[in-house]
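Numbering (our numbering), first residue to last: 7 to 298. First comes the structure, then the notes that go with it.
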């Protein structure tokens with residue numbers, strides 16, 4: 007006789023068991039991603055939380071003196087102790103494609119009329135091609151991910167929590183006002199991180215929407231990104247394809263204001279405009295032959 011299960015165990019098994027797929031039911035690729043969209047340079051996760059990505063300039067720690075190393079360590083310690091929210095530090099290494107660079111050098115070598123310069127360029131191109139056959143020239147970039155988590159809902163039992171980690175959850179919707187409020191808080195956090203990195207001597211730049219999409223494209227398509235660039239993300243939008251019924255209307259891109267170069271300055275400007283805005287007085291209008 008099989009062992010009896012309590013209702014909680016049965017609910018957990020039913021929630022983690024995937025439903026049977028119907029004929030022709032195909033799952034979208036986006037269902038396997040942890041984020042739902044990228045808007046205004048902000049990555050919106052499926053649980054409603056937000057992320058901003060800051061690209062940081064590297065510094066050669068080994069070439070510093072002992073006093074400079076101590077100063078960097080103390081500044082980095084103070085930077086971490088001053089944070090009241092978690093951050094994620096990511097390092098991405100990619101192989102550099104020098105084929106286009108070498109082809110450009112070949113064209114310049116063909117147009118070179120000075121025999122001395124032509125010989126030097128020929129030796130340089132030969133050495134670079136020989137070096138590429140022996141080692142891989144890598145490009146290493148450093149990123150800091152600044153998160154903003156929404157208020158957590160009331161926790162259920164342990165079986166529901168385990169089911170949420172196994173089965174994918176649906177996207178959490180949020181209003182435009184909620185997004186703007188969370189965006190302002192996230193910008194303040196990102197500004198705090200940028201100032202802390204500046205105290206260490208590290209330059210920081212916030213990635214915009216196009217740059218964030220290119221980062222994800224290179225992360226999910228490592229081999230393709232080495233030889234094929236993404237291009238403008240707005241040009242990749244295609245009309246919606248329906249299975250049957252009336253044909254879908256063609257996609258009409260909406261005019262969108264260009265993103266500001268500095269999100270921190272834009273946020274401060276919007277705050278100043280909202281503070282200085284005064285309510286307008288509405289003058290009553292009178293109609294001929296009517297009452298006031």
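The C-beta atom is built at its ideal place from N, Cα and C for all residues, glycine as well.
C-alpha distance - residue i paired with residue j, whole-angstrom precision
i	j	result
residue 133	residue 139	10 Å
residue 66	residue 208	11 Å
residue 71	residue 56	39 Å
residue 187	residue 48	13 Å
residue 154	residue 236	28 Å
residue 89	residue 142	37 Å
residue 181	residue 37	22 Å
residue 60	residue 87	19 Å
residue 104	residue 199	34 Å
residue 43	residue 76	41 Å
residue 227	residue 119	42 Å
residue 184	residue 229	38 Å
residue 110	residue 80	46 Å
residue 41	residue 113	44 Å
residue 39	residue 201	31 Å
residue 68	residue 58	30 Å
Residue environment, residue i, which counts as buried when at least 16 other CB atoms sit within 10 Å
i	result
residue 210	buried
residue 50	buried
residue 102	exposed
residue 85	buried
residue 45	exposed
residue 73	exposed
residue 213	buried
residue 218	buried
residue 97	exposed
residue 35	exposed
residue 221	buried
residue 286	Only weak support is given to the placement of residue 286: the predicted model assigns it a pLDDT of 48, under 50, and the value that follows is read from those uncertain coordinates. Counting Cβ neighbours within 10 Å, residue 286 comes out exposed, since fewer than 16 surround it.
residue 122	exposed
From the options, residue whose alpha carbon lies closest to that of residue i
i	options	result
residue 145	99, 67, 234 and 75	99
residue 82	206, 137, 223 and 212	206
residue 78	225, 63, 203 and 96	203
residue 95	110, 62, 104 and 80	62
residue 196	136, 184, 150 and 229	150
residue 108	119, 136 and 120	136
residue 152	92, 113 and 120	92
residue 147	121, 58 and 64	64
residue 234	41, 106, 201 and 111	106
Contact set for residue i: own chain, Cβ-Cβ below 8 Å, skip 5 residues either direction
i	result
residue 117	none
residue 115	124, 127, 128 and 131
residue 189	46, 48 and 56
Per-residue DSSP class, three states only, for residue i
i	result
residue 101	strand
residue 236	coil
residue 94	strand
residue 218	helix
residue 154	strand
residue 71	coil
residue 78	helix
residue 52	coil
residue 147	strand
residue 45	strand
residue 199	helix
residue 57	strand
Neighbourhood of residue i by C-beta distance below 6 Å, restricted to the same chain and skipping five residues each side
i	result
residue 224	231
residue 53	178
residue 156	54 and 55
Same chain, Cβ closer than 7 Å to residue i, five either side skipped, listed in chain order
i	result
residue 191	154
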